[in-house]
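Data block below; observations after.
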Amino acid sequence: MSLRRVSRALTRLFLLIVVPLAAIAVGSYVYLTGGRYVTTENAYVKNDIVQVSADIEGRVVDVAVRDHEVVSAGDLLFRIDPIPVEIRLARA
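If you're matching positions, the sequence shown starts at 111 in my numbering and goes up one per residue.
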């Protein structure tokens, strides 16, 4: 074989085998070492948000809390306009 054929065969071997194997190895490394996990810098990953609803319907006239404020059971969160409820009670 001539030197040109050997060089061409080595180039073909490199392109057909080594390059795809290297790509698979790099992709596997990224996938296994962190490509599928969510990380955070401030460690806030827990979500303690709940939906709140009232027993009666009405217009909210006052909100007693701010966004992201910590509340406990029994805390006043909002006030509903009492006039429509009082009118319905008077008619009953």
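For each residue, glycine too, the CB sits at the ideal point set by N, CA and C.
All of these numbers come straight from a predicted model, not from anything done at the bench.
Endpoints, alpha helix (DSSP H) assigned at V129:
Note, V129: alpha helix (DSSP H), 129-143.
Check V116 in the structure and name its three-state DSSP category.
Here V116 sits in helix by DSSP.
First and last residue of the beta strand (DSSP E) that includes R176?
Per DSSP, R176 lies in no beta strand (DSSP E) and is assigned neither H nor E.
So I190 and V171 are in contact, right, with Cβ under 8 Å, and what is the actual spacing, rounded?
In this structure, I190 and V171 form a Cβ contact; the two beta carbons are roughly 7 Å apart against a cut-off of 8 Å.
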